[in-house]
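Some notes on the structure that comes next.
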Amino acid sequence: MKRELDAKRVVDPFKSRFWKVINPNRENHMGKPVGYKLISGHTTYPLAKPESTIGRRAGFMYQHLWVTKNENNERYPAGDYPFQHPGGAGLPQWTQANRDIENTDVVLWHVFGTNHIPRAEDWPVMPVERTGFHLKPSGFFARSPAIDVAPSVKPCH
1 MKRELDAKRV
11 VDPFKSRFWK
21 VINPNRENHM
31 GKPVGYKLIS
41 GHTTYPLAKP
51 ESTIGRRAGF
61 MYQHLWVTKN
71 ENNERYPAGD
81 YPFQHPGGAG
91 LPQWTQANRD
101 IENTDVVLWH
111 VFGTNHIPRA
121 EDWPVMPVER
131 TGFHLKPSGF
141 FARSPAIDVA
151 PSVKPCH
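Everything in the sequence shown is counted per full-length UniProt numbering, starting at 1 for the first residue and increasing by one.
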């Protein structure tokens, strides 16, 4: 992905999609670029239609991944003051510039969430609903960092 519009992506659970962000200027011991893998956890697609009030004001929610050039004034994915804005601000507006994101400081925006459908166990208090993601180093180490763990002194059986 070289430009912002190319970097708007949706999770594809049929392909176990993940994204890898690399630094082409830093190589590991095998001559490959170091990076991080963004592995999405529980994601969902919004139930709100894009033309709805929330769909216009939170247009970022229709993509699971956005990558933008790092700009100090771009802080909130829905833009500043989304409740007073008719919509279109934030990530949808910023990425229209289609800035170059190759070999520069970027911001990786990952949109994740859950649609909670209540169960009988959720009444009167919902116990838990989990969501999240993993950000894993990829190609940083020559071997597993856990290899230097001290051996156990006593057998466990």
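Glycine residues also receive a C-beta, built at the ideal position from the N, C-alpha and C atoms.
Residues Glu129 of the same chain have their beta carbon placed closer than 6 Å to that of His116, with the five preceding and five following residues left out of the count.
Each residue's CA atom was taken as its position, placing His64 and Pro155 some 47 Å apart.
At the C-beta level, Thr43 and Phe112 come within 8 Å of one another.
Boundaries of the beta strand (DSSP E) harbouring Gly35: 33-40, taken from the DSSP string. When the five nearest sequence neighbours on each side are left out, the beta carbons in the same chain lying within less than 7 Å of the beta carbon of Gly88 are those of Arg56, Gly59, in order along the chain.
Under the three-state reduction of DSSP, Asp6 is assigned to helix.
When only Cα atoms are considered, Thr131 and Thr68 end up about 24 Å apart.
By a beta-carbon distance limit of 8 Å, Val34 does not contact Asn70. Their separation comes to about 19 Å. Shown here for Trp109: same chain residues with a beta carbon closer than 8 Å to its own, the five before and five after excluded, namely Phe60, Leu65, Trp66, Val67, Thr68, Pro77, Leu91 in chain order.
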